[in-house]
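For the protein sequence lines, the chains are A and B, in the order given.
The numbering of the first sequence is the numbering used here, which starts it at 28 and goes up by one.
The numbering of the second sequence is the numbering used here, which starts it at 43 and goes up by one.
Report on the following structure.
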Amino acid sequence: MAAKYAYYPGCSLHSTGSEYDVSFRAVCDKLGVGIEEIKGWVCCGTSPAHCTSKLLSLALPYENICLAAKMGVNDLVAPCAACFARLKTAQYEAAEDPKVADQISEALEKPLPESVNILSPLEIFCNGQDISKAVTEELSGLKVVCYYGCLLTRPSKVMQFDECEYPMAMDEILRSVGITTLDWSYKTECCGGALAMTRTDVVLKLTRDILDEAKAVGANAIAVGCPLCHVNLDTRQEEVEAEYGTNYGLPVFYFTQLMALAFGVPADKLGLQKHFISADGLLSAVSPA
Amino acid sequence: MMETNVTSASASPLAEAVLGESGQNVNLCYQCGKCAAGCPVSYAMDYKPVQLIHAIRLGMDDLVLNSKTMWLCASCETCTTRCPQEVDVAKVMDAVKITALRKGIKPAIPQVASFYKAALSNIKICGRMYELGMIMGLKMRTFEFFKDAAMGMKMFRKGKLKMIPSLTGAMRTRRIFRRVKNIEDKNHSTA
């Protein structure tokens with residue numbers, strides 16, 4: 028299968044978010060989407076770069092865009108919402124200001140490539156094909172809230188992704204594989220992101236608000252598309268419960284894990300055992316469609 | 043007759059510095075407060091984003107540069123998306139941080155600056171973020187050795203943390219970091 032997409036996993040998908048990597052690959056495999064990992068990719072710089080050096084925060088993502096262009100493909104797919112945002116921002120800033128583009132090119136010692144589309148998996152999976160045909164398992168017992176977080180949609184002028192305050196892309200994909208998703212008002216609220224490392228109190232508060240709202244609308248699971256959101260909502264969930272005396276027990280899935288489950292990929296192939304909040308009870312009701 | 047747009051002229055050197063660093067003109071702000079209303083972290087800030095912007099315009103450098111506000115910014119971009127004047131408030135926050143660091147001002151929330159430093163030196167040396175190394179680097183800077191220790195152990199047991207850095211691309215990142223620094227130093231000395 029010739030690769031149509033250059034795949035940029037980013038650092039998290041090689042470590043704390045490896046479940047996102049394996050489940051993304053599994054879904055691509057089931058749907059016949061050809062991906063090839065960019066060889067020699069480097070970190071996008073994430074927020075520590077843009078908080079301290081604008082040029083560094085643009086040069087690091089561009090290094091990866093250059094590597095993708097060298098592969099001879101037009102499309103780059105970045106599942107991590109933060110990487111996706113940094114890659115798109117680099118491209119946007121370079122297009123807006125030729126002086127910025129020159130400086131990036133000077134830092135990287137090479138010309139910047141044109142016409143590489145930066146895409147989220149959400150865009151490539153809802154790209155016209157009928158994914159419901161690949162469904163083999165019924166996941167009808169799930170009531171999922173889709174949590175998009177900040178960086179898939181914001182800032183809207185850069186991301187140009189869906190409706191920035193109330194996106195539906197993930198809901199539509201999950202609904203088309205037979206999973207119920209609920210309306211709720213915390214789709215794009217912030218979980219606190221990397222403040223978890225330094226001001227954990229802030230993250231616990233923001234995460235509590237999100238978990239409260241998910242429970243309030245009757246969800247029994249949360250779907251995410253960002254490894255940082257996943258760490259905060261899943262890994263810190265017990266800490267939130269201890270801090271605020273609450274009880275959620277809400278499993279947090281990457282949306283690709285839910286898709287793969289619907290396509291019949293066994294749970295143990297999707298890294299579900301790595302999650303802090305077990306989904307075993309919830310998924311025991313999964314049955315062939 | 044052409045009218046002079048008084049709001050776009052700046053008397054504050056700090057506003058000029060922010061403009062130079064980020065391309066953002068804080069003088070466009072008409073204090074509607076949408077940035078503060080939407081900010082998920084404003085409850086923990088000493089000055090709301092809208093207040094910090096006003097203080098920048100008034101040239102209150104000490105208040106701005108010693109504030110907690112920009113260090114608490116989670117870069118969620120809600121303010122940027124909602125500003126009716128299209129001021130990229132999150133970029134202003136970055137610019138204020140960069141200005142404060144350049145002036146050698148001690149960050150009001152030192153752990154956050156330590157995190158940036160630990161993360162960047164990790165990326166520079168390893169090419170890709172090596173989380174275990176970054177966490178160790180952060181602890182050496184903040185002396186919070188036991189923070190999140192139990193959670194870290196559990197993540198480790200679950201195989202979420204890699205023991206060994208990949209070092210792929212490390213030669214490239216070192217070179218990119220060095221060249222970026224040279225370009226920035228050159229720009230700054232001519233500015």
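Backbone N, C-alpha and C define an ideal beta-carbon position, used for all residues, glycine too.
- For A250/A, the enclosing beta strand (DSSP E) starts and ends at 248-251.
- Where Y34/A is concerned, the enclosing beta strand (DSSP E) starts and stops at 32-34.
- Among the CB atoms of chain B, none fall inside 8 Å of the CB of S212/A.
- The three-state reading of DSSP puts Y174/A in strand, counting E and B together.
- In the three-state reduction of the DSSP assignment, D295/A falls in the helix class.
- Sorting T184/B, M135/B, G146/B, P55/B by C-alpha distance to the C-alpha of V92/B places M135/B at the top.
- Listed in chain order, the alpha helix (DSSP H) runs fully inside the region 108-161 of chain A are 108-123, 125-135, 148-152, counting runs of at least 4 residues.
- The Cβ-Cβ distance between L87/A and C110/A does not fall below 8 Å.
- The Cβ-Cβ distance between Y281/A and E46/A falls below 8 Å.
- Boundaries of the alpha helix (DSSP H) around L94/A: 81-97.
- Between Y89/A and W68/A, the gap from beta carbon to beta carbon reaches 8 Å or more.
- Contact fails between the region 93-100 of chain A and the region 191-207 of chain B, because fewer than three Cβ pairs, one in each stretch, are under 8 Å apart.
- Secondary structure of Y85/B (DSSP, three-state): helix.
- The criterion of a C-beta distance shorter than 8 Å is satisfied by K139/B and C78/A.
- Listed in chain order, the non-local C-beta contacts of S183/A below 8 Å within the same chain comprise C191, local neighbours out to five positions each way being set aside.
- Within chain A, no residue has its CB atom less than 8 Å from the CB of P55/B, the nearest being about 20 Å off.
- Remark: fewer than three beta-carbon pairs, one from each stretch, lie closer than 8 Å, so the region 268-275 of chain A and the region 130-146 of chain A are not flagged as touching.
- For F280/A, the secondary structure class from DSSP, reduced to helix, strand or coil, is strand.
- Taking the beta carbon of T262/A as reference, the chain B residues within 7 Å of it are M193, M197, listed in sequence order.
- Spanning the alpha carbons of R181/A and T120/B requires a straight line of approximately 7 Å.
- Closest by C-alpha distance to L209/A, out of A241/A, D102/A, G219/A, K66/A, is A241/A.
- In the three-state reduction of the DSSP assignment, D102/A falls in the strand class, which pools E and B.
- Below the 7 Å Cβ cutoff, chain A contributes no neighbours of S109/B, its closest Cβ being approximately 15 Å away.
- A straight line joining the alpha-carbon of N108/B with that of I98/B spans about 12 Å.
- At least one CB of chain A lies nearer than 8 Å to the CB of P82/B.
- When DSSP states are grouped into helix, strand and coil, I304/A belongs to the coil group.
- Interface with chain A (8 Å Cβ-Cβ cutoff): T141/B is excluded.
- Residues of the region 162-185 of chain A with a C-beta atom less than 9 Å from some C-beta of chain B are G176, C177, L178, T180, R181, P182, S183, K184, V185, listed in chain order.
- Beta-bridge annotation (DSSP): T208/A is paired with V171/A.
- At a cut-off of 8 Å between beta carbons, S80/A contacts chain B.
- Around K204/B, the beta-carbon contacts reaching into chain A at under 8 Å are H41, S42.
- Of the other Cβ atoms in all chains shown, fewer than 16 fall within 10 Å of the Cβ of V244/A; this residue is therefore exposed.
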